[in-house]
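Trainee:
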Amino acid sequence: MIPSRVRPRARARAGARAVAVACVLLCLGQATGGLAAASPAGPPPAPAPARPVVTRAGLDPALVAGRGADVAFDEQEAENARTTGTVIGPDRTPHTLPSEASGRKAVRLVPGQYVEFTLPRAANALTVRYSIPDAAGGGGITAPLDVSVDGRHRKTMTLTSQYSWLYNQYPFTNDPGADLLHPDWWLAECACVPASTTPTPTFAKPFRPTHFYDEQRLRLDKTFRAGGKIRLAVPAGSRAAWTVIDLLDTELVAPPHVERGGIDVRLLGADPIGRRDAAPAIERAIALAHHLDRPVYLPPGTFRVDRHIVVDDVTIVGAGNWHTVLKGRRVTLAEPAPDGSRHTGVGLYGKSAAEGGSRNVHLRGFAVEGDVRERIDTDQVNAIGGAMSDSTVDGLYLHHTKVGLWFDGPMRNVRVTNNIITDQIADALNFHTGVTDSLVHNNFVRNTGDDGIALWSEKTADARNTVARNTVQSPTLANGIAVYGGEDTTVRGNLVADPVREGSGLHAGSRFGAEPFTGSLRFTDNTTVRAGTLDLNWRIGLGALWFYALDGSIDADVRVTGDHYLDSTHNAIMLVSEYGVKDRYDIPSVHFKDVRVDGTGNSVLSARTKGSATFENVDARNVGAVGVNNCGSFNFPATGSEFALIDRGGNDGGWLAPRLLPNTITCDDRPPVVAPPAPAPWS
Numbered sequence: 024m025i026p027s028r029v030r031p032r033a034r035a036r037a038g039a040r041a042v043a044v045a046c047v048l049l050c051l052g053q054a055t056g057g058l059a060a061a062s063p064a065g066p067p068p069a070p071a072p073a074r075p076v077v078t079r080a081g082l083d084p085a086l087v088a089g090r091g092a093d094v095a096f097d098e099q100e101a102e103n104a105r106t107t108g109t110v111i112g113p114d115r116t117p118h119t120l121p122s123e124a125s126g127r128k129a130v131r132l133v134p135g136q137y138v139e140f141t142l143p144r145a146a147n148a149l150t151v152r153y154s155i156p157d158a159a160g161g162g163g164i165t166a167p168l169d170v171s172v173d174g175r176h177r178k179t180m181t182l183t184s185q186y187s188w189l190y191n192q193y194p195f196t197n198d199p200g201a202d203l204l205h206p207d208w209w210l211a212e213c214a215c216v217p218a219s220t221t222p223t224p225t226f227a228k229p230f231r232p233t234h235f236y237d238e239q240r241l242r243l244d245k246t247f248r249a250g251g252k253i254r255l256a257v258p259a260g261s262r263a264a265w266t267v268i269d270l271l272d273t274e275l276v277a278p279p280h281v282e283r284g285g286i287d288v289r290l291l292g293a294d295p296i297g298r299r300d301a302a303p304a305i306e307r308a309i310a311l312a313h314h315l316d317r318p319v320y321l322p323p324g325t326f327r328v329d330r331h332i333v334v335d336d337v338t339i340v341g342a343g344n345w346h347t348v349l350k351g352r353r354v355t356l357a358e359p360a361p362d363g364s365r366h367t368g369v370g371l372y373g374k375s376a377a378e379g380g381s382r383n384v385h386l387r388g389f390a391v392e393g394d395v396r397e398r399i400d401t402d403q404v405n406a407i408g409g410a411m412s413d414s415t416v417d418g419l420y421l422h423h424t425k426v427g428l429w430f431d432g433p434m435r436n437v438r439v440t441n442n443i444i445t446d447q448i449a450d451a452l453n454f455h456t457g458v459t460d461s462l463v464h465n466n467f468v469r470n471t472g473d474d475g476i477a478l479w480s481e482k483t484a485d486a487r488n489t490v491a492r493n494t495v496q497s498p499t500l501a502n503g504i505a506v507y508g509g510e511d512t513t514v515r516g517n518l519v520a521d522p523v524r525e526g527s528g529l530h531a532g533s534r535f536g537a538e539p540f541t542g543s544l545r546f547t548d549n550t551t552v553r554a555g556t557l558d559l560n561w562r563i564g565l566g567a568l569w570f571y572a573l574d575g576s577i578d579a580d581v582r583v584t585g586d587h588y589l590d591s592t593h594n595a596i597m598l599v600s601e602y603g604v605k606d607r608y609d610i611p612s613v614h615f616k617d618v619r620v621d622g623t624g625n626s627v628l629s630a631r632t633k634g635s636a637t638f639e640n641v642d643a644r645n646v647g648a649v650g651v652n653n654c655g656s657f658n659f660p661a662t663g664s665e666f667a668l669i670d671r672g673g674n675d676g677g678w679l680a681p682r683l684l685p686n687t688i689t690c691d692d693r694p695p696v697v698a699p700p701a702p703a704p705w706s
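Numbers 24 to 706, taken from my numbering, label the letters of the sequence shown in order.
1) Taking one C-beta from the region 259 to 270 and one from the region 554 to 565 each time, how about it: are there three or more such pairs within less than 8 Å?
2) Could you compute how far the alpha carbon of R231 sits from the alpha carbon of H118?
3) Under a Cβ-count criterion, where at least 16 other Cβ atoms within 10 Å of its own Cβ denotes burial, should R327 be classed as buried or exposed?
4) Suppose contacts are defined by Cβ-Cβ distances below 7 Å. Is T123 in contact with S497 by that definition?
5) Residue range of the beta strand (DSSP E) that L203 falls in?
6) Report all residues from its chain with a CB closer than 7 Å to the CB of D93; omit the five preceding and five following residues, and keep chain order.
7) Where do the N-terminal and C-terminal ends of the alpha helix (DSSP H) with A312 fall, by residue?
8) With respect to the beta strand (DSSP E) encompassing N653, which residues constitute its N-terminal and C-terminal limits?
9) How many Å lie between L419 and G655 at the Cα?
10) DSSP beta-bridge partners for Y507?
11) Starting from P611, trace the beta strand (DSSP E) both ways and give me its first and last residue.
12) Taking the continuous beta strand (DSSP E) assigned at K633, which residues delimit it?
13) Helix, strand or coil for G126? Go by DSSP, reduced to three states.
14) If we ignore side chains and look at the alpha-carbon of each, how far apart do H313 and V334 end up?
15) Do you know whose CA, among K350, P121, G112, S381, lies nearest G370's CA?
16) What whole-angstrom Cβ distance do I525 and L500 have, given they're in contact under 8 Å?
17) Need the endpoints of the beta strand (DSSP E) that D417 sits in, please.
18) Taking C-alpha atoms, which residue in T196, G200, P224, G603 lies nearest to W209?
19) Quick check on this structure: which residue in A302, E139, D574 has the alpha carbon closest to the alpha carbon of G292?
20) With Y10 as the anchor, note down where its beta strand (DSSP E) starts and where it stops.
21) Report yes if the C-beta distance between A648 and P694 is below 7 Å; otherwise report no.
22) Which residue from I339, Q403, A342 puts its Cα closest to that of P359?
23) Spatial neighbours of Q53 within its chain, please: C-beta separation below 6 Å, excluding the five flanking residues on both sides.
24) In angstroms with no decimal places, state the Cα-to-Cα distance between L168 and T183.
25) Can you pull the DSSP bridge partners for V646?
26) Put E378 into one of helix, strand or coil per three-state DSSP.
27) Under 7 Å, do D376 and G432 count as touching if we go by C-beta distance?
28) Starting from L529, follow the beta strand (DSSP E) in both directions and report where the run begins and ends.
29) For V87, does the three-state DSSP call read helix, strand or coil?
30) Do H530 and G569 count as a contact pair if the criterion is CB distance below 7 Å?
31) Does G52 come out as helix, strand or coil in the three-state DSSP assignment?
32) What's the gap between the Cα of A698 and the Cα of G516?
33) Name, in chain order, the residues that DSSP records as bridge partners for G370.
34) Could you check whether A491 and T459 sit closer than 7 Å to each other, using their CB atoms as the reference points?
35) What's the gap between the Cα of G57 and the Cα of G108?
Rendered as structure tokens:
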């Protein structure tokens, strides 16, 4: 049975209760998967592979060809490289370092150890995804990492944990020693409400550590050819007792772009080395560009911006997101803003929808580096915000803000394309309230603290939006791609990997006060890997694709075609109604066609609602339990489950056995997990 729950969203209403999530209770010094520290000398290095092992979301790229974002960099997982360190994982248990690593594995180094990668192609820049310990009292530390190429060309990166390590209940804290933030909320750890329980339960501290990883970019001093050896080494005497390397991305960055005819912000007084506040100069350039009908040009440099810059009817072009950076500090406001914000920071915002919104805004080719270290849902500290109709956001790198792009509609016709959005405290992108006729295409998302990409129809329905060919990796909370209500939505050709807790790869939820689903809802040609997590509150396994009827039925025309669900921790597909409303709301009809399931810890389909589904050419292998775990709506009538299965033919692998049709009850509330083998090509 499923207890009622509501997880607050970004900008949630005061008093909303957070979802309770269980954890493995860890001390800071133990948050390495339970591995003992190796000696500095370490074991002999693991033999180098015959050639670089280039992956996508920890997979052989052939398994996800034509899906996810096309990116300029090559991904190499540290566990496939030559190292004197220790591989940690695989482990999908939340609140452990392996669970948040790409592919659920990483390499742990102590001072004196290294991991070494081989360049698969020429490169002059790299990105390291890593974790180092928090300070004993929270707030983070810094520590060095030596980077060398072929034993020479050494540079030192300064790693930080100032933007990672959150603890406790939603909306989390940076204090590892904090008592429960909400003792009056139900907790899975004790299956109780602590404030109402005698004796009052106690919990080890830090409570529920999470959001361990960060990433950092580095330009090399020259272009190195394929075959070059990139060594990441922890120097002796490092302040960090350990350094975990998850992966290395390498790429060949193009020379800076020059916008001919653009208004160069330096001519209006912008300081390109970040000593002075550049916001006034950028605003002067915007005003002049608007008057002359020319674009604004942000040349190479780092421009300090500590507040929002309002944009309307303007094109702003950078030299490329490796070359041009808008970087800001978090600033505490003298008094809260009308929208409830207590802080401000770097961001480009359209006018609010209440003011008519902005139009014809085009942002391209620069980075936004924020300074957000805690989650305060009332704060507007997003990289891109407001309402922007008939606009484009292309080729940006958004880092260390609360949300990369949070659009508050109504607004229409925005195209969000080719962006990299990483290390966000909350979502990477959210179409919130009446965003219509818009496109999210070819974006790369990694390490969000909430949904990677969300379409949330609160109060006013989103409509006719498409989310296509994006990659979403390692959301530490919630889902990879989530649709909360709305009309005529298409989710197509995406790659989603490694959700950690309280969510799944792909999600359609009638929840969070969203307007109903209407028209069509399409999930087409998507791939998930290592999704279908264990919900720690319900203590049941979710699906890699998860439908959830909480606030109402999901009765749009729902079709799932061509999806691939790989190595699902529990189920490939789950349809569920909240137990308290199971006899009021249902999921009447979902149609599955040309779907492949390669590996489930439990079932292909878990049905925990009334309704029905059709299946045509749904092939499955390496299924850990019964093909269909059919609980219906838990009334268990003599006539069979309230959820009906319709076999339209071509369903291979024996998972949809005749004995299961049309509505045999096969309900096992918490079946044991049988870990599947790694995904492989489909013959």
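Glycine included, every Cβ here is placed at the ideal spot set by N, Cα and C.
Mentor: Reading it off the structure:
1) Contact between the region 259 to 270 and the region 554 to 565 is absent: fewer than three C-beta pairs spanning the two stretches fall below 8 Å.
2) What you label residue 231 is simply residue 208 of the sequence shown in a count that begins at 1. What you label residue 118 is simply residue 95 of the sequence shown in a count that begins at 1. In this structure, the straight-line span from the alpha carbon of R231 to that of H118 is close to 6 Å.
3) The residue labelled residue 327 in the question sits at position 304 within the sequence shown. Taking a 10 Å sphere around the C-beta of R327, we find 16 or more other C-beta atoms and assign the residue as buried.
4) Here residue 123 refers to the residue found at position 100 of the sequence shown. Here residue 497 refers to the residue found at position 474 of the sequence shown. The question names Thr, but residue 123 is Glu in the sequence shown. With respect to the 7 Å criterion, E123 and S497 are classified as neighbours on the basis of their beta carbons.
5) In the sequence shown, residue 203 corresponds to position 180, counting from 1. That residue, L203, is in no beta strand (DSSP E); it is neither H nor E in DSSP.
6) Stepping through the sequence shown from its first residue, residue 93 is reached at position 70. Spatial neighbours of D93 in its own chain (CB-CB distance under 7 Å, excluding positions within 5 residues in sequence) are listed in chain order as N465.
7) Residue 312 sits at position 289 when you count from the first residue of the sequence shown. It spans 302 to 315 - the alpha helix (DSSP H) in which A312 sits, taken as one unbroken run.
8) Position 630 of the sequence shown, counting from 1, holds the residue named residue 653. Looking at the DSSP string, the run of the beta strand (DSSP E) that includes N653 is 651 to 653.
9) Taking the first residue of the sequence shown as 1, we reach residue 419 at position 396. Taking the first residue of the sequence shown as 1, we reach residue 655 at position 632. If you take the alpha carbons of L419 and G655, they lie about 45 Å apart.
10) Position 484 of the sequence shown, counted from the first residue, corresponds to residue 507. DSSP, once it has assigned bridges, lists W479 as partnering Y507.
11) Walking along the sequence shown from the start, residue 611 turns up at place 588. From DSSP, the beta strand (DSSP E) with P611 extends over 610 to 623.
12) By one-based count along the sequence shown, residue 633 stands at place 610. K633: not part of any beta strand (DSSP E); DSSP gives it neither H nor E.
13) Indexing the sequence shown from 1 puts residue 126 at position 103. Residue state, collapsed to three classes: helix.
14) Here residue 313 refers to the residue found at position 290 when the sequence shown is read from its first residue. Here residue 334 refers to the residue found at position 311 when the sequence shown is read from its first residue. About 10 Å.
15) Within the sequence shown, numbered from 1, the residue matching residue 370 stands at position 347. Minimum Cα distance to G370 is reached at K350.
16) As a working note, residue 525 is residue 502 in the sequence shown. As a working note, residue 500 is residue 477 in the sequence shown. The sequence shown places Glu at residue 525, rather than the Ile named in the question. Between L500 and E525 the Cβ distance is about 6 Å, and since that is below 8 Å, they are a contact.
17) As a position in the sequence shown, residue 417 is number 394, starting the count at 1. D417 -> beta strand (DSSP E) spans 414 to 417.
18) Stepping through the sequence shown from its first residue, residue 209 is reached at position 186. That would be P224, whose Cα lies nearest to the Cα of W209.
19) Mapped onto the sequence shown, residue 292 falls at position 269. The candidate whose alpha carbon is nearest that of G292 is A302.
20) Within the shown structure, residues of the chain are numbered from 24 to 706, placing residue 10 beyond reach of any answer.
21) As a working mapping, residue 648 is identified with position 625 in the sequence shown. As a working mapping, residue 694 is identified with position 671 in the sequence shown. Note that the C-beta distance between A648 and P694 is below 7 Å.
22) Start at 1 with the first residue of the sequence shown, and residue 359 comes out as number 336. Of the candidates I339, Q403, A342, the one whose C-alpha sits nearest the C-alpha of P359 is Q403.
23) Counting from one through the sequence shown, the residue named residue 53 turns up at place 30. Note on Q53: pLDDT 36, under 50, position unreliable in the model; the coordinate value appears next. So no residue of the chain qualifies.
24) Your numbering for residue 168 matches position 145 in the sequence shown. Your numbering for residue 183 matches position 160 in the sequence shown. Between the alpha carbons of L168 and T183 lies a gap of roughly 10 Å.
25) Numbered from 1 along the sequence shown, position 623 holds the residue referred to as residue 646. DSSP links V646 through a beta bridge to T623.
26) For the purposes of this step, residue 378 is taken as residue 355 along the sequence shown, with counting starting at 1. Assignment of E378 by DSSP, reduced to helix, strand and coil, places it in the helix class.
27) For the purposes of this step, residue 376 is taken as residue 353 along the sequence shown, with counting starting at 1. For the purposes of this step, residue 432 is taken as residue 409 along the sequence shown, with counting starting at 1. One point to set straight first is that residue 376 is Ala, not Asp, in the sequence displayed. Their beta carbons are under 7 Å apart, which means A376 touches G432 by this criterion.
28) To locate residue 529, count along the sequence shown from 1; it is residue 506. L529 -> beta strand (DSSP E) spans 529 to 533.
29) Here residue 87 refers to the residue found at position 64 when the sequence shown is read from its first residue. The answer is helix: DSSP assigns V87 an H, G or I state.
30) For this step, residue 569 is matched to residue 546 along the sequence shown. For this step, residue 530 is matched to residue 507 along the sequence shown. Per the sequence shown, the amino acid found at residue 569 is Trp instead of Gly. Closer than 7 Å, so yes.
31) Residue numbering aside, residue 52 sits at position 29 when the sequence shown is read from its first letter. Note on G52: pLDDT 41, under 50, position unreliable in the model; no value is reported.
32) Stepping through the sequence shown from its first residue, residue 698 is reached at position 675. Stepping through the sequence shown from its first residue, residue 516 is reached at position 493. Each residue's Cα considered, the two are about 26 Å apart.
33) Indexing the sequence shown from 1 puts residue 370 at position 347. According to DSSP, residue pairing for G370 in a beta bridge involves H331.
34) Reading the sequence shown from its first residue, position 436 is the one you call residue 459. Reading the sequence shown from its first residue, position 468 is the one you call residue 491. 7 Å or more divides the Cβ of T459 from the Cβ of A491.
35) The residue you call residue 57 lines up with position 34 of the sequence shown. The residue you call residue 108 lines up with position 85 of the sequence shown. The predicted position of G57 is uncertain, since its pLDDT is 35 and thus under 50; a value taken from the coordinates is nonetheless stated next. Straight-line spacing of the CA atoms in G57 and G108 works out to 15 Å.
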